[in-house]
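Remarks on the structure that follows.
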Ligand SMILES: [Zn+2]
Ligand SMILES: [Zn+2]
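Numbering (my numbering), first residue to last: 152 to 410.
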């Protein structure tokens, strides 16, 4: 694996390490194409900022820092800067335009929430048997893909559904077919593998294999020592075989356009 476009930094307050530390470790591990995708700044409705994202006032600084490092390390690695973002219809245009103004080159979708987080919103990995919430999640991911600005969908299987299996299959088939139609790859998330989370979910990847959805990998590094992660890569390649996935390797970065 010589690429990875899913990397965080200490700027989001729940990852450790400066960008340069990640870069050095990635180079050591043989990464040739690397992207930073820290959590996009977001203002809550009460005017306070989300604590686990890049602060708004650091958005430009974050992009500038990576661009400077890109020049410094250009003979060793190709570097890009972007954000991991949720899709919330009412904030979407502003979010994309802000990302462009900060200097971001790409976005990956990480739909951790169903509605703009406030202080009591729950993450979609927490587990629910609600058909409605599952449908809402799938609808949001499909709408996001249709916008044509997301490079890929990070951990599309993050939604932890505890209800009826046929409902899960029906809804996730919709998601996987849309990925195929819009040509937006789905990511096997290495953080989920490392932490033994509810994702990667075999049931989901079975469906993705049947639909022929494009599949890529993302390390989702939250500390520099795993800016390269050979062990999870080995596991993910086994998944590709097992579920006959349409693995595309390095994804093409989708350029941002003003909304
Ligand atoms: Zn994170
Ligand atoms: Zn992430």
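Just so you know, even glycine gets a beta-carbon here, dropped at the ideal spot from N, CA and C.
Tell me the rounded alpha-carbon separation between residue i and residue j.
i	j	result
residue 164	residue 303	24 Å
residue 316	residue 244	35 Å
residue 235	residue 190	5 Å
residue 212	residue 354	41 Å
residue 378	residue 225	17 Å
residue 293	residue 330	8 Å
residue 202	residue 300	25 Å
residue 170	residue 227	15 Å
residue 398	residue 298	23 Å
residue 218	residue 210	13 Å
Could you check if residue i is buried or exposed, using at least 16 other CB atoms within 10 Å of its CB as the buried criterion?
i	result
residue 392	exposed
residue 371	buried
residue 385	exposed
residue 352	buried
residue 415	No information on residue 415 is available, as it lies outside the stretch 152 to 410 that the chain covers here.
residue 204	buried
residue 381	exposed
residue 402	buried
residue 208	exposed
Can you find the residues in the same chain that come closer than 8 Å, C-beta to C-beta, to residue i, ignoring five residues on each side of it along the sequence?
i	result
residue 277	311
residue 286	322
residue 214	232, 253, 254, 255
residue 263	237, 274, 275, 276, 309
residue 314	279, 280, 281, 282, 285
Ordered along the chain, which non-local residues of its own chain (more than five positions away) have a Cβ less than 7 Å from that of residue i?
i	result
residue 221	230
residue 248	409, 410
residue 168	160, 161, 374, 375
Short of 6 Å in beta carbon distance, which residues of its chain neighbour residue i, apart from the five on each side in sequence? Order them along the chain.
i	result
residue 267	239
residue 261	235, 305
residue 259	188, 235, 302, 303, 305
residue 326	289, 292
For the alpha helix (DSSP H) that contains residue i, what are its first and last residues?
i	result
residue 323	316-333
residue 289	282-297
State the start and end residues of the unbroken beta strand (DSSP E) segment that holds residue i.
i	result
residue 233	229-236
residue 366	365-369
residue 213	Per DSSP, residue 213 belongs to no beta strand (DSSP E); it is in the alpha helix (DSSP H), 210-223.
residue 411	The structure shown does not extend to residue 411, since the chain spans only 152 to 410, so no value can be given for it.
residue 342	It is not in any beta strand (DSSP E) - residue 342 instead sits in the alpha helix (DSSP H) that spans 341-345.
residue 259	257-260
Counting pairs of beta carbons, one from the stretch 358-377 and one from the stretch 328-344, are three or more of them closer than 8 Å?
-> Between the stretch 358-377 and the stretch 328-344 there are three or more inter-stretch CB-CB distances shorter than 8 Å, so the stretches are counted as touching.
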